[in-house]
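Undergrad: Listed in order, the protein sequences are those of chains B and X.
Counting along the first sequence from 1, when you hit position 151 you're at 151 in full-length UniProt numbering, and nothing is skipped either side.
Counting along the second sequence from 1, when you hit position 221 you're at 221 in full-length UniProt numbering, and nothing is skipped either side.
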Amino acid sequence: MMRSEKLANSCGKYLSQLMDNDSAIIVLDGDLADSNGAIYVQEKYENRFIMCGIAEQCMVSMAAGFAVEGYTPWVFSFASFLCYRAYDQIRVSVAQCNANVKLVGSHAGGFTGRNGKTHSAINDIAMMSSIPNMRIYSPASPEDTEWAVGEMNKHDGPAYIRLPREAMSSGTWKLGSWTWITKRTSVAIVTTGLALKIANQVREQFKNLFDEEIGIINTVAIHPVPQDLIEELNNFVDYVIVIEDHLTSHGLAALLKCHQLKCKIDQFGWPIDYMADSGDYEDILKHSELNPEKITTHIKNRYAFNDNYLAR
Amino acid sequence: MSFNLEEITHDAARLRKEIVKALHTTGGGHYGGALSVLDLLITLYKGVANIYPEEPNHPMRDRIILSKGHACIAQYCILADLGFFDVSELAKYGSFNSFLEGHPDMNKTPGIDFSSGSLGQGLSVGIGMAMALKNKPVHTWVIMGDGECQEGQVWESVMLADRYKLNNLTAIVDNNNYQELGWAQNSEGIEKAPIPRISEKFASFGWNVMEIDGHDFNIIHKALNKAKEFKYGSTAIICNTVKGKGYELFENDPIRFHCGELTELEYVLLNN
Numbered sequence: 001m002m003r004s005e006k007l008a009n010s011c012g013k014y015l016s017q018l019m020d021n022d023s024a025i026i027v028l029d030g031d032l033a034d035s036n037g038a039i040y041v042q043e044k045y046e047n048r049f050i051m052c053g054i055a056e057q058c059m060v061s062m063a064a065g066f067a068v069e070g071y072t073p074w075v076f077s078f079a080s081f082l083c084y085r086a087y088d089q090i091r092v093s094v095a096q097c098n099a100n101v102k103l104v105g106s107h108a109g110g111f112t113g114r115n116g117k118t119h120s121a122i123n124d125i126a127m128m129s130s131i132p133n134m135r136i137y138s139p140a141s142p143e144d145t146e147w148a149v150g151e152m153n154k155h156d157g158p159a160y161i162r163l164p165r166e167a168m169s170s171g172t173w174k175l176g177s178w179t180w181i182t183k184r185t186s187v188a189i190v191t192t193g194l195a196l197k198i199a200n201q202v203r204e205q206f207k208n209l210f211d212e213e214i215g216i217i218n219t220v221a222i223h224p225v226p227q228d229l230i231e232e233l234n235n236f237v238d239y240v241i242v243i244e245d246h247l248t249s250h251g252l253a254a255l256l257k258c259h260q261l262k263c264k265i266d267q268f269g270w271p272i273d274y275m276a277d278s279g280d281y282e283d284i285l286k287h288s289e290l291n292p293e294k295i296t297t298h299i300k301n302r303y304a305f306n307d308n309y310l311a312r
Numbered sequence: 001m002s003f004n005l006e007e008i009t010h011d012a013a014r015l016r017k018e019i020v021k022a023l024h025t026t027g028g029g030h031y032g033g034a035l036s037v038l039d040l041l042i043t044l045y046k047g048v049a050n051i052y053p054e055e056p057n058h059p060m061r062d063r064i065i066l067s068k069g070h071a072c073i074a075q076y077c078i079l080a081d082l083g084f085f086d087v088s089e090l091a092k093y094g095s096f097n098s099f100l101e102g103h104p105d106m107n108k109t110p111g112i113d114f115s116s117g118s119l120g121q122g123l124s125v126g127i128g129m130a131m132a133l134k135n136k137p138v139h140t141w142v143i144m145g146d147g148e149c150q151e152g153q154v155w156e157s158v159m160l161a162d163r164y165k166l167n168n169l170t171a172i173v174d175n176n177n178y179q180e181l182g183w184a185q186n187s188e189g190i191e192k193a194p195i196p197r198i199s200e201k202f203a204s205f206g207w208n209v210m211e212i213d214g215h216d217f218n219i220i221h222k223a224l225n226k227a228k229e230f231k232y233g234s235t236a237i238i239c240n241t242v243k244g245k246g247y248e249l250f251e252n253d254p255i256r257f258h259c260g261e262l263t264e265l266e267y268v269l270l271n272n
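1. List in chain order: all unbroken beta strand (DSSP E) runs of 3+ residues lying wholly within the segment 223-257 of chain X.
2. Taking only the alpha-carbon atoms, compute the straight-line gap between leucine 147 of chain B and valine 220 of chain B and give it to the nearest angstrom.
3. Among X:Met210, X:Gly260, X:Pro254 and X:His258, which one has its Cα closest to the Cα of isoleucine 238 of chain X?
4. Rounded to whole angstroms, what's the CA-CA distance from leucine 7 of chain B to glycine 30 of chain B? Just pull it up for me.
5. Would you verify that the beta carbon of glutamine 89 of chain B is, or is not, closer than 7 Å to some beta carbon of chain X?
6. Please name the residue in X:Met106, X:Ala80 and X:Met159 whose C-alpha comes closest to that of serine 88 of chain X.
7. Glycine 269 of chain B to serine 77 of chain B, Cα distance in whole Å?
8. Quick check: the Cα distance between alanine 55 of chain B and valine 104 of chain B, rounded to an integer number of angstroms?
9. Are any of the Cβ atoms in chain X nearer than 7 Å to that of serine 61 of chain B?
10. Check the Cβ of asparagine 98 of chain B against every Cβ in chain X and list those closer than 9 Å, keeping chain order.
11. CA-CA distance, methionine 127 of chain B and tyrosine 281 of chain B?
12. With a CB to CB cut of under 6 Å and the five nearest residues on each side skipped, what residues in its chain are close to glycine 122 of chain X?
13. When the Cα atoms are used, what is the spatial distance from glutamine 153 of chain X to asparagine 176 of chain X?
14. Just the chain B side, please: which residues come within less than 7 Å of glycine 126 of chain X by C-beta, in chain order?
15. Which ranges does the alpha helix (DSSP H) cover as unbroken runs of at least 4 residues, wholly within the segment 190-267 of chain B, from first to last along the chain?
16. Is isoleucine 214 of chain B near isoleucine 189 of chain B, with beta carbons less than 7 Å apart?
17. Check the DSSP bridge columns for proline 73 of chain B and list the partner residues they point to.
18. Looking at the structure shown, is tryptophan 183 of chain X part of a helix, part of a strand, or coil, going by DSSP?
19. Can you tell which of B:Val27, B:Gly109, B:Arg48 and B:Ile122 has its C-alpha closest to the C-alpha of valine 75 of chain B?
20. With a floor of 3 residues, list each beta strand (DSSP E) that falls wholly inside the segment 157-207 of chain X, ordered by position along the chain.
21. For histidine 223 of chain B, which residues of its own chain have a beta-carbon under 8 Å away from its beta-carbon, when the five flanking residues on both sides are left out?
22. Provide the residue(s) that pair with threonine 140 of chain X in DSSP beta bridges, ordered along the chain.
23. Excluding the five sequence neighbours on either side, which residues of its own chain have a C-beta within less than 6 Å of the C-beta of leucine 194 of chain B, listed in chain order?
24. Could you check the C-alpha separation between glutamate 6 of chain X and histidine 24 of chain X for me, to the nearest Å?
25. Could you have a look at isoleucine 161 of chain B and say whether DSSP puts it in helix, strand or coil?
26. Relative to the C-alpha of lysine 262 of chain B, which candidate in B:Thr182, B:Ser16 and B:Asp238 has its C-alpha closest?
27. Output, in sequence order along the chain, the residues in the segment 108-124 of chain X whose CB is closer than 9 Å to any CB in chain B.
28. Suppose contacts are defined by Cβ-Cβ distances below 7 Å. Is alanine 276 of chain B in contact with serine 120 of chain B by that definition?
29. For valine 268 of chain X, is the classification buried or exposed, using 16 other Cβ atoms within 10 angstroms of its Cβ as the cut-off for buried?
30. Does the separation of the CB atoms of proline 104 of chain X and cysteine 77 of chain X fall below 7 Å?
31. Can you give me the Cβ contacts of glycine 102 of chain X inside the same chain, cut-off strictly under 7 Å, excluding the 5 residues immediately before and after it?
32. Just checking: is the beta-carbon of threonine 93 of chain B within a distance shorter than 7 Å of some beta-carbon in chain X?
33. Which chain B residues sit within Cβ distance under 8 Å of glutamine 185 of chain X?
34. Applying the 10 Å Cβ sphere with the 16-neighbour rule, what's the burial state of threonine 258 of chain B?
35. Which term fits tyrosine 31 of chain X, buried or exposed, when burial requires 16 or more other beta carbons within 10 angstroms of its beta carbon?
36. Between valine 149 of chain B and tyrosine 14 of chain B, which are expected to be in contact by the criterion C-beta below 8 Å, what is the C-beta distance as a whole number of angstroms?
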């Protein structure tokens, strides 16, 4: 069934289903349950939902206490308040202890509506990928989200899921840590989360303007980077274009570059000094570095006609 | 655990020497805080808490979190004395490849229930544990420093524990009146204590509060047992202690010996 919904809601709903058969799961919330999806758990399992108040540092360390006693605590807040306000607690109480704590960051990325810069999280991947034991998931559809939540729950150790504020639509692609959502091409966009929307627009424009096929790889398990994704890129792709709703310098592209990639890699995301703005999705998109027209032009100028990459 | 005043007095005196020896052997460290926390910690371990040295992760053990992790040499000496690991390990404290890390590591050291070192997190962890264990006859003890209580997270936790009325959680504050540098040397007009009126602060957040002499074994023993008996709410035991307790050299220079080194001569004199 085609769905379009906020992925935080997909997360909360699916987690409440998992709780039917997994008594170890509990949910901790930092007073944002009606915005971050945890409300579905609160409604169904009130006695397994702990309101921690507006105190993220305490909440994250508490979760670690629950984890060492055999529970699987899922901690919900906005990505910004988890990853930044409680960074040391995630680093020390969770990651360094390898505590089985799951972190759900809603409102991740630079599109946080009228909330603006304080509520955006455009370097959360950088923060979470630079501490030990952490896994990062970044789904692009309700189905992706359910897959990621299932994986996180199966894994015994820390994990973080970043979820955009914007609603995302159902995908028809095969679920997994990464997948081609188009046919395989030698010039490929590698994207994650909300940026899949933008990638699709770039792909369409290329097709219309230049009659060129650019394929898209959707990556859900972004840290550690899946080894078979690296192999796939090395075996079949000449030119990788990363599009991500994150700082270009420290996100998915940077994680890919940590590996021995043979192909050229180019990246589009937020510039290092960007602080995020208030505004509706389309307005921010139009005026940002993630504007699909801009990206299309960049790609065309840099590669299509210079070294005939796309004409091969 | 059975409490024997004579035995615990003797043990504490012996372990004071162990602490100083271990720290001096490994190049110095937190003499002041380790010696101030020792008496309350040894009374907890040897006189009150349910522990199982032969099975460090026994599910029915009391949980003990040394949130002021920099004083861990005191905890290590007690754990070794109780048989959690061999006493010879103490000489390697903080060295590369030793399982006795410079700050407590639950994944390396038998008997450590939670890691610490970054101040202010232990009480929140304790809330999680106390909530998780609420239907079991298990008590969660969190030992904090008075300086540590300057961390905002501590008061997030104090507030939350009161809301959930966790009577299986006790905070023990090693109130030694000093921190690394703090305001102790400031002139008049500035409060010197790390947390002035600390008992009033805990009480105003709804906690049961006892303020005691943190070096009187009988009183500590009584207070710890009383904390377990409260039916309603969490308890804070403010233990007034002396930083560097037991050695004039340390007691008279708490700032140098918050974390410091002894000269060879000082070490020899200290042991004579």
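Ideal Cβ placement from N, Cα and C applies to all residues, glycine included.
TA: Inspection of the coordinates gives the following:
1. Counting whole runs of 3 or more residues, the segment 223-257 of chain X contains the beta strand (DSSP E) stretches 235-240.
2. Numbered from its first residue, the first sequence carries residue 147 of chain B at position 147. Numbered from its first residue, the first sequence carries residue 220 of chain B at position 220. Sequence check: residue 147 of chain B is tryptophan here, not leucine. So the two alpha carbons sit approximately 9 Å from each other.
3. One-based indexing of the second sequence puts residue 238 of chain X at position 238. Comparing Cα positions, the closest option is X:Met210.
4. Position 7 of the first sequence holds residue 7 of chain B. Position 30 of the first sequence holds residue 30 of chain B. So the two alpha carbons sit approximately 18 Å from each other.
5. One-based indexing of the first sequence puts residue 89 of chain B at position 89. Interface criterion met: the Cβ of glutamine 89 of chain B is under 7 Å from a Cβ in chain X.
6. Working through the second sequence from its first residue, we reach residue 88 of chain X at position 88. It is X:Ala80 whose Cα lies nearest to the Cα of serine 88 of chain X.
7. Locating residue 269 of chain B in the first sequence gives position 269, where the first residue counts as 1. Locating residue 77 of chain B in the first sequence gives position 77, where the first residue counts as 1. Cα to Cα, glycine 269 of chain B sits roughly 24 Å from serine 77 of chain B.
8. Walking along the first sequence from the start, residue 55 of chain B turns up at place 55. Walking along the first sequence from the start, residue 104 of chain B turns up at place 104. A straight line joining the alpha-carbon of alanine 55 of chain B with that of valine 104 of chain B spans about 15 Å.
9. On the first sequence, position 61 is the one that residue 61 of chain B refers to. True, the Cβ-Cβ gap to chain X drops below 7 Å.
10. Position 98 of the first sequence holds residue 98 of chain B. Here the neighbours are Asn107.
11. As a working mapping, residue 127 of chain B is identified with position 127 in the first sequence. As a working mapping, residue 281 of chain B is identified with position 281 in the first sequence. Rounded to whole angstroms, methionine 127 of chain B to tyrosine 281 of chain B spans 24 Å at the Cα level.
12. Translated into the one-based positions of the second sequence, residue 122 of chain X becomes position 122. Closer than 6 Å at Cβ, skipping near neighbours: Ile65, Ser67, Ser116 and Val142.
13. As a position in the second sequence, residue 153 of chain X is number 153, starting the count at 1. As a position in the second sequence, residue 176 of chain X is number 176, starting the count at 1. The straight-line gap from Cα to Cα measures roughly 20 Å.
14. Here the question's residue 126 of chain X lines up with position 126 in the second sequence. The contacting residues are Gly65.
15. As far as the segment 190-267 of chain B is concerned, its whole alpha helix (DSSP H) runs of at least 4 residues are 195-210, 227-236 and 252-257.
16. Counting from one through the first sequence, the residue named residue 214 of chain B turns up at place 214. Counting from one through the first sequence, the residue named residue 189 of chain B turns up at place 189. In contact: isoleucine 214 of chain B and isoleucine 189 of chain B (Cβ atoms closer than 7 Å).
17. Residue numbering aside, residue 73 of chain B sits at position 73 when the first sequence is read from its first letter. Paired residues: B:Ile26.
18. For the purposes of this step, residue 183 of chain X is taken as the residue at position 183 of the second sequence. The answer is coil: DSSP assigns tryptophan 183 of chain X none of H, G, I, E or B.
19. Sequence index remark: in the first sequence, residue 75 of chain B carries index 75 (1-based). Nearest to valine 75 of chain B by C-alpha distance, out of B:Val27, B:Gly109, B:Arg48 and B:Ile122, is B:Val27.
20. Complete beta strand (DSSP E) runs here, min 3: 169-175.
21. Residue mapping note: residue 223 of chain B aligns to position 223 of the first sequence, counting from 1. Excluding residues within five positions, the ones whose Cβ falls inside 8 Å are Ile125, Met128, Ser129, Met134, Arg135, Ile136 and Leu255.
22. As a position in the second sequence, residue 140 of chain X is number 140, starting the count at 1. In DSSP, threonine 140 of chain X forms a bridge with X:Arg63 and X:Leu169.
23. Locating residue 194 of chain B in the first sequence gives position 194, counting from the first residue. Shown here for leucine 194 of chain B: same chain residues with a beta carbon closer than 6 Å to its own, the five before and five after excluded, namely Gly109, Pro164, Glu166 and Asp245 in chain order.
24. Numbered from its first residue, the second sequence carries residue 6 of chain X at position 6. Numbered from its first residue, the second sequence carries residue 24 of chain X at position 24. Looking at the two C-alpha atoms, the distance is approximately 28 Å.
25. Working through the first sequence from its first residue, we reach residue 161 of chain B at position 161. Correct three-state label for isoleucine 161 of chain B: strand.
26. Here residue 262 of chain B refers to the residue found at position 262 of the first sequence. Nearest of B:Thr182, B:Ser16 and B:Asp238 to lysine 262 of chain B, Cα basis: B:Asp238.
27. Going along the segment 108-124 of chain X in chain order, one finds Asp113, Phe114, Ser115, Ser116, Gly117, Ser118, Gly120, Gln121, Gly122, Leu123 and Ser124 with a Cβ nearer than 9 Å to chain B.
28. Along the first sequence, one-based indexing puts residue 276 of chain B at 276. Along the first sequence, one-based indexing puts residue 120 of chain B at 120. A contact, by the Cβ cut-off of 7 Å.
29. If you number the second sequence from 1, residue 268 of chain X lands on position 268. With fewer than 16 other Cβ atoms inside 10 Å of its own Cβ, valine 268 of chain X counts as exposed.
30. To locate residue 104 of chain X, count along the second sequence from 1; it is residue 104. To locate residue 77 of chain X, count along the second sequence from 1; it is residue 77. Inclusion of proline 104 of chain X and cysteine 77 of chain X in the CB contact set at 7 Å is not warranted, their separation being larger than that value.
31. Numbered from 1 along the second sequence, position 102 holds the residue referred to as residue 102 of chain X. By the criterion of a C-beta distance shorter than 7 Å, glycine 102 of chain X is surrounded in its chain by Gly94, once the five residues flanking it on both sides are discounted.
32. The residue you call residue 93 of chain B lines up with position 93 of the first sequence. For the record, residue 93 of chain B in the displayed sequence is serine; it is not threonine. For serine 93 of chain B, the answer is yes, since a Cβ of chain X falls inside 7 Å of its Cβ.
33. For this step, residue 185 of chain X is matched to residue 185 along the second sequence. What glutamine 185 of chain X touches in chain B: nothing, since even the nearest Cβ is about 28 Å away.
34. Mapped onto the first sequence, residue 258 of chain B falls at position 258. The displayed chain sequence assigns cysteine, not threonine, to residue 258 of chain B. Result: exposed.
35. Counting from one through the second sequence, the residue named residue 31 of chain X turns up at place 31. By the neighbour-count rule (16 or more Cβ atoms within 10 Å), tyrosine 31 of chain X is buried.
36. Here residue 149 of chain B refers to the residue found at position 149 when the first sequence is read from its first residue. Here residue 14 of chain B refers to the residue found at position 14 when the first sequence is read from its first residue. Between tyrosine 14 of chain B and valine 149 of chain B the Cβ distance is about 5 Å, and since that is below 8 Å, they are a contact.
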